[in-house]
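Student: Dumping the structure here so I can ask a few things about it.
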Amino acid sequence: MGKIKENTYEYVIYAGDRPVLKGKNLKKLLEQAKAKYTNKKISISWKAPEGVLIA
Numbered sequence: 001m002g003k004i005k006e007n008t009y010e011y012v013i014y015a016g017d018r019p020v021l022k023g024k025n026l027k028k029l030l031e032q033a034k035a036k037y038t039n040k041k042i043s044i045s046w047k048a049p050e051g052v053l054i055a
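For the sequence shown, the tail end lands on 55 under my numbering, and the numbers increase by one without skipping.
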């Protein structure tokens with residue numbers, strides 16, 4: 001099995017129930033979200049590219 005590449009998934013960061021940030025660099029997105037939305041609950045969803053299995 002191959003190594004999972006960095007920046008393979010498309011991440012969406014939510015503050016409360018609103019999607020606020022979207023991109024492929026999870027670490028950078030989380031830093032931005034924590035700085036900007038300090039009093040809201042932050043959650044993450046992601047989408048794998050076609051043909052990638054998530055086990």
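Beta carbons are placed, not taken as given, at the ideal position from N, Cα and C, and that holds for glycine. Quantities reported herein were computed from a predicted structural model and do not represent experimental measurements.
Taking DSSP as the reference, what is the three-state secondary structure of Glu31?
Tutor: Here Glu31 sits in helix by DSSP.
Student: In three-state terms, what does DSSP make of Met1?
Tutor: Confidence is the limiting factor: at Met1 the pLDDT is only 47, short of 50, which leaves the residue's position unreliable and the question unanswerable from this model.
Student: By alpha-carbon positions, which one of Lys47, Glu50 and Tyr37 ends up nearest to Asp17?
Tutor: Closest option to Asp17, Cα to Cα, is Tyr37.
Student: Do you know how far the Cα of Trp46 is from the Cα of Ala15?
Tutor: So the alpha carbons of these two residues sit roughly 15 Å apart.
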